[in-house]
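> In full-length UniProt numbering, the protein residues as written are 1 to 243.
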Ligand code: ADP
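#1: Which residue comes first and which comes last in the beta strand (DSSP E) that contains residue 164?
#2: Is there a Cβ from chain C that is less than 8 Å from the Cβ of residue 7?
#3: Which residues count as close to the ligand ADP when the rule is a CB under 5 Å from any of its heavy atoms, in chain order?
#4: Under 7 Å Cβ to Cβ from residue 235, same chain only, skipping five residues before and after it: list those, please.
#5: Three or more C-beta pairs closer than 8 Å, one from the segment 32-45 and one from the segment 58-76: is that the case here?
#6: Mark residue 48 as exposed unless 16 or more other C-beta atoms lie within 10 angstroms of its C-beta, in which case mark it buried.
#7: Buried or exposed: which applies to residue 151, given that a residue is buried once 16 or more other Cβ atoms fall within 10 Å of its Cβ?
#8: When you compare each of 143, 189, 164, 241 to residue 170 by their alpha carbons, which one comes out closest?
#9: Round the Cβ separation of residue 82 and residue 160 to the nearest angstrom and send it over; I've been treating them as touching at under 8 Å.
#10: Starting from residue 33, trace the alpha helix (DSSP H) both ways and give me its first and last residue.
#11: Flag this pair as yes or no: are the beta carbons of residue 175 and residue 32 separated by less than 8 Å?
#12: By Cβ distance, which residues of its chain are closer than 6 Å to residue 216, with the 5 residues on each side in sequence left out?
#13: Thinking residue 105 and residue 167 are a contact (beta carbons under 8 Å), I'd like their distance in whole angstroms, please.
#14: Can you tell me which of 29, 14, 34 puts its alpha carbon nearest to the alpha carbon of residue 241?
#15: What are the start and end residues of each continuous beta strand (DSSP E) run of 3 or more residues lying completely inside the segment 35-117, in chain order?
#16: Would you check if the distance between the CB atom of residue 27 and the CB atom of residue 191 is smaller than 8 Å?
#17: Can you name the start and end residues of the beta strand (DSSP E) that residue 15 belongs to?
#18: So which of 153, 130, 91, 115 has the shortest CA-CA distance to residue 136?
#19: Cutting at 7 Å between CB atoms, please list the residues of its own chain near residue 5, excluding the five before and the five after it.
#20: In angstroms with no decimal places, state the Cα-to-Cα distance between residue 177 and residue 51.
#21: Answer with buried or exposed for residue 93, where buried requires no fewer than 16 other C-beta atoms within 10 angstroms of its C-beta.
#22: Terminal residues of the continuous alpha helix (DSSP H) containing residue 179?
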């Protein structure tokens with residue numbers, strides 16, 4: 001069980017998160033939707049301390065972390081237990097696909113090199129890149145680079161993977177291959193929180209959809225609830241605009 005409670009955050013005088021809460025079960029996929037500027041990315045980044053929230057807690061299993069005042073050790077612990085997939089992949093340009101996936105295992109987790117290589121290859125196989133181990137990021141398409149970064153996230157076997165608009169930087173023809181990998185992961189029981197503009201993914205893959213606007217959760221529910229029976233006018237308006 002993952003429980004996120006009462007997350008608030010301001011930048012200067014601008015409060016961008018106002019008491020946002022979310023809980024999900026192990027194996028569930030949550031899609032976070034909402035207009036640009038509604039706080040989705042800030043919320044996600046707060047969960048593994050890429051941003052420091054002003055308040056809020058994160059429960060991962062039996063452990064509770066204060067998203068404002070966690071110490072260095074706790075921050076590292078949360079980062080070990082979570083994976084993060086960025087919009088712009090963030091791969092090391094001077095390392096191969098295999099090297100990128102092995103890096104965190106070897107340096108942060110002290111996994112012996114041979115074992116790290118085995119795990120990294122398995123992760124790359126899962127995202128359909130078994131023929132690209134030795135390619136450098138510049139030799140890969142955007143979709144392939146994003147799949148490497150997903151492999152990097154799953155290689156550490158995290159409790160939850162946080163995806164920040166993973167397909168937004170991709171050319172349209174490359175989006176499908178990344179969404180297909182994410183759908184595979186979802187079906188194999190990976191716990192995921194996904195900020196996305198891909199309504200098809202939210203509708204067809206997510207167990208729960210969260211609609212945010214102006215730093216608050218306007219509405220949440222099953223995809224059917226949100227897409228077909230939204231109670232809030234703001235939700236309906238947004239969905240009409242984007243579909
Ligand atoms: P979304 O992901 O929904 O588009 P964001 O979380 O990126 O929204 O941004 C929410 C608001 O917070 C926006 O108004 C944005 O300008 C502001 N914001 C985000 N990051 C920063 C920052 N580092 N400094 C100041 N303002 C920020």
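Glycine included, C-beta positions come from ideal geometry on N, C-alpha and C.
In terms of the structure at hand:
#1: Mapped onto the chain shown, residue 164 falls at position 164. Note, residue 164: beta strand (DSSP E), 160-164.
#2: No chain C appears in the structure shown, which is made up of a single protein chain.
#3: Taking a cut-off of 5 Å from the heavy atoms of the ligand ADP, the residues with a C-beta inside it are 11, 16, 36, 37, 38, 39, 40, 41, 42.
#4: Within the chain shown, numbered from 1, the residue matching residue 235 stands at position 235. These residues qualify, in order along the chain: 211, 218, 219, 226.
#5: Flag = no, the segment 32-45 and the segment 58-76 do not touch.
#6: Here residue 48 refers to the residue found at position 48 when the chain shown is read from its first residue. So residue 48 ends up on the buried side.
#7: Position 151 of the chain shown, counted from the start, is the residue given in the question as residue 151. So residue 151 counts as buried.
#8: Locating residue 170 in the chain shown gives position 170, where the first residue counts as 1. Distance from the Cα of residue 170 is smallest, within the candidate group 143, 189, 164, 241, for 143.
#9: In the chain shown, the residue the question calls residue 82 occupies position 82. In the chain shown, the residue the question calls residue 160 occupies position 160. That belief holds up - the Cβ atoms of residue 82 and residue 160 are roughly 5 Å apart, short of 8 Å.
#10: The count along the chain shown starts at 1 and reaches residue 33 at position 33. No alpha helix (DSSP H) holds residue 33; the beta strand (DSSP E) holding it covers 29-33.
#11: Your numbering for residue 175 matches position 175 in the chain shown. Your numbering for residue 32 matches position 32 in the chain shown. The beta carbons of residue 175 and residue 32 sit no closer together than 8 Å.
#12: As a working mapping, residue 216 is identified with position 216 in the chain shown. Once the five neighbours on either side are set aside, the close Cβ partners of residue 216 are 18.
#13: What you label residue 105 is simply residue 105 of the chain shown in a count that begins at 1. What you label residue 167 is simply residue 167 of the chain shown in a count that begins at 1. Not a contact, Cβ separation roughly 26 Å.
#14: Your numbering for residue 241 matches position 241 in the chain shown. Looking at 29, 14, 34, the one whose alpha-carbon comes closest to that of residue 241 is 34.
#15: Complete beta strand (DSSP E) runs here, min 3: 55-60, 63-66, 82-85.
#16: Counting from 1 along the chain shown, the entry for residue 27 is found at position 27. Counting from 1 along the chain shown, the entry for residue 191 is found at position 191. Result yes, Cβ atoms of residue 27 and residue 191 sit closer than 8 Å.
#17: Taking the first residue of the chain shown as position 1, residue 15 is located at position 15. Counting along the chain, the unbroken beta strand (DSSP E) around residue 15 starts and ends at 14-24.
#18: For the purposes of this step, residue 136 is identified with residue 136 of the chain shown, where counting begins at 1. Closest in C-alpha terms to residue 136, from the list 153, 130, 91, 115, comes 91.
#19: In the chain shown, counting from the first residue as 1, residue 5 sits at position 5. Annotation for residue 5: 21, 56, 57 place their beta carbon closer than 7 Å to its own, counting only its chain and skipping 5 residues before and after.
#20: Your numbering for residue 177 matches position 177 in the chain shown. Your numbering for residue 51 matches position 51 in the chain shown. In this structure, the straight-line span from the alpha carbon of residue 177 to that of residue 51 is close to 30 Å.
#21: Taking the first residue of the chain shown as 1, we reach residue 93 at position 93. Classification of residue 93: exposed, given that the 10 Å Cβ count is below 16.
#22: Here the question's residue 179 lines up with position 179 in the chain shown. Per DSSP, residue 179 belongs to the alpha helix (DSSP H) from 172-187.
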